[in-house]
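In the numbering used here, the protein residues as written are 41 to 150.
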């Protein structure tokens, strides 16, 4: 498959959260764009799943598409609901936890 799946969706009207399904006990992802300047990836996180604390060398925008996510950035917790977004600063520890199922779009700017 191509590293740039957005071209496959060109001209289509779509709901981003319909592009990925939940899997029991798992976090699944689908990359829409993987380019030198940016990456767009959709995630579906089942209840009680966690993306453990880590850092990234680039800023990123997390947009909640469905459900509720608990996001921790540099030790501060935020609860985001569908329609809300938050920015991860570069080189700053962050984590994401699913207290309930949720889907998100992560846009990483390089």
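Beta carbons: idealized from backbone N, C-alpha and C, even for Gly. Model, not experiment: these values are computed from the prediction.
Counting beta carbon pairs with one atom in the segment 124-144 and one in the segment 74-94, are three or more of them shorter than 8 Å? Judged by Cβ distances under 8 Å, the segment 74-94 makes contact with the segment 124-144, as three or more pairs qualify.
Within 8 Å, do at least three Cβ pairs link the segment 130-140 to the segment 86-104? They touch, by the three-pair rule.
What three-state label does DSSP hand residue 70 in the structure shown? If DSSP states are grouped into helix, strand and coil, residue 70 belongs with the strands.
Endpoints, the beta strand (DSSP E) within which residue 124 is located: Careful: residue 124 lies outside any beta strand (DSSP E) and carries neither H nor E.
Hey, out of 57, 62, 66, 64, whose CA is closest to residue 72's CA? Looking at the Cα atoms, 57 is the closest of the given residues.
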